[in-house]
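Working notes, beginning with the structure itself.
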C-alpha cells in the first residue's frame, strides 16, 4: 500500500468519480489513435527545438479543453527546462492571457531560468489579481518580476493600476517654491527655495484613464510613453477547418451565419 492509496479509497469515491469525469471530458476532444498518422513527443521536440507549436482554443470548447491545453504546455515547459544545455537553439514562448489557463506548475521555474535554458518568454496578463488567484502571491511576483522589458496598457482594476505605478518606479522631482518672509510688521520679502520630493513617475489614476492603444514601455531604467497604431489583420486562410470523423460534423450555434469562404484575388474560392 502506497501513501497515496487513501486518496482512492471508498471514503473518497465521489471525489474520484468526479475527477475521472473531468478527465474523460477533456480526453473526448482528442482524436482516436487510428486517426493519427504519427506520434509526437514533447521531450524529443525540446531536444531538437525545430518547428512551431500552436495551441489555439476555440471559444465554445475553451472550458473543456483548458486542462488538456494546460497539460500540453506544462509538458513542453518541463522538457525545455530539463534539456537546457549551452548552445541550444533559442525558443520563443508566447502565452496570451496567461491567467485564463490552469496553473502551469513549470511557469515560475521557466521565468527564473529562461536565460539558462535559452528561452524568450512573452506573457500577456489582463491584471495582476488574475495571476495571483492562480499562482499565489509569491509565484505571481516571481513571474511578473522576471521580464526585462514590460509594456503597460490601461487597466481599470485599482490594485493592478497601483502595482503598475510602483513597477514603473518613482522619480526625484525638484521644484522652485516661492515664499514670503516678514522681517518686521511693515516689511515683507519674497524668497525662493528648492524643494526635492520623491513621487511616482506615473500615477495609478493615469494608468486607469489611458486612451486606447497607449501605454508605457519600461526597459531597465528607461520609461517612455507608447502609442500603438492599429493594423487590421489580413485574412488569407480560414480561421478553423473542422475535422469530420465517423459521421460527426460540428454544428453552428442557433442563429449563427455561415462563415464565408475566403476568396482569391481572381474571384475563385480558396477552399472548395
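In our numbering, the protein residues as written are 1 to 272.
By construction, the Cβ of each residue, glycine as well, lies at the ideal position given by its N, Cα and C atoms.
Going by beta carbons, residue 81 and residue 117 fall inside the 8 Å limit. With a cutoff of 8 Å on beta-carbon distance, residue 92 and residue 69 are scored as not near each other.
With respect to the C-alpha of residue 157, the residue from 52, 219, 120 and 126 having the closest C-alpha is 126.
Counting the other Cβ atoms within 10 Å of the Cβ of residue 196 gives fewer than 16, which makes it exposed. Burial is judged here by how many other beta carbons sit within 10 angstroms of a residue's own beta carbon; residue 163 has at least 16 and is buried. The Cβ neighbour count for residue 218, taken over all protein chains shown within 10 Å, is at least 16; the residue is labelled buried. In the DSSP assignment, residue 119 falls within the beta strand (DSSP E) that extends over 119-123.
In this structure, the beta-carbon distance from residue 170 to residue 198 falls below 8 Å.
With a beta-carbon spacing of about 14 Å, residue 167 and residue 142 fall beyond the 8 Å limit used to define contacts.
In this structure, residue 160 sits near residue 129, with a CB-CB distance shorter than 8 Å. Under the DSSP assignment, residue 162 falls in the alpha helix (DSSP H) whose first and last residues are 158-168. Taking a 10 Å sphere around the C-beta of residue 229, we find fewer than 16 other C-beta atoms and assign the residue as exposed. Restricting attention to 84, 105, 137 and 242, the CA atom closest to the CA of residue 47 is found in 84.
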